[in-house]
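J.: Below is one structure. I have some questions about it.
Residue numbers (our numbering): 109 to 238.
In structure tokens, the structure reads:
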């Protein structure tokens with residue numbers, strides 16, 4: 109896993125790791141939802157899926173990316189930034205983000221999660237370049 113740099117209020121380092129996953133689970137998991145369905149829900153926010161939860165594939169057989177809702181995108185960014193600054197709140201992160209950065213944040217969150225999930229399940233998300 110590697111740190112990614114992103115310029116928000118200042119240059120910051122982000123990384124998706126197990127602690128980030130646990131933070132996200134605490135923020136986004138529905139009461140009573142098991143870990144597996146939560147991870148599938150998180151993955152489905154970043155790639156198109158069919159009604160059975162299987163990834164939709166493009167003509168080259170790659171998963172079709174999807175832009176997540178802003179609640180999820182902010183939460184993923186927040187979880188990735190907490191390693192560097194454990195005092196950050198979701199609201200702090202929301203104040204740092206400018207609308208012109210949504211695309212960059214989406215790509216970097218995808219890259220960070222792919223880096224984390226590369227060896228395990230679920231399979232990497234679509235979009236693997238930063």
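Backbone N, C-alpha and C define an ideal beta-carbon position, used for all residues, glycine too.
How would you label residue 216, buried or exposed, when you count the other beta carbons within 10 angstroms and need 16 or more for buried?
T.: As a working note, residue 216 is residue 108 in the chain shown. Buried.
J.: Can you name the start and end residues of the beta strand (DSSP E) that residue 122 belongs to?
T.: Walking along the chain shown from the start, residue 122 turns up at place 14. Element bounds for residue 122: 119-122.
J.: Let me know the secondary structure DSSP gives residue 155 once reduced to three states.
T.: The sequence position of residue 155 within the chain shown is 47, counting from 1. Here residue 155 sits in strand by DSSP.
J.: Based on the DSSP output, what are the partners of residue 114 in its beta bridges?
T.: Taking the chain shown and counting its residues from 1, one reaches residue 114 at position 6. According to DSSP, residue 114 bridges with 120.
J.: Hey, quick one: how far does the alpha helix (DSSP H) through residue 169 stretch, first residue to last?
T.: One-based indexing of the chain shown puts residue 169 at position 61. No alpha helix (DSSP H) holds residue 169; DSSP gives it neither H nor E.
J.: Between residue 198 and residue 127, what straight-line distance do the alpha-carbon atoms span, to the nearest angstrom?
T.: Your numbering for residue 198 matches position 90 in the chain shown. Your numbering for residue 127 matches position 19 in the chain shown. Cα to Cα, the separation comes out at about 15 angstroms.
J.: Opposite residue 163 in the DSSP bridges: which residues?
T.: Position 55 of the chain shown, counted from the first residue, corresponds to residue 163. Per DSSP, 157.
J.: Is the beta carbon of residue 122 sitting closer than 8 angstroms to the one on residue 130?
T.: Here residue 122 is taken as the residue at index 14 of the chain shown, counted from 1. Here residue 130 is taken as the residue at index 22 of the chain shown, counted from 1. Cβ distance not < 8 angstroms, so residue 122 and residue 130 don't count as in contact.
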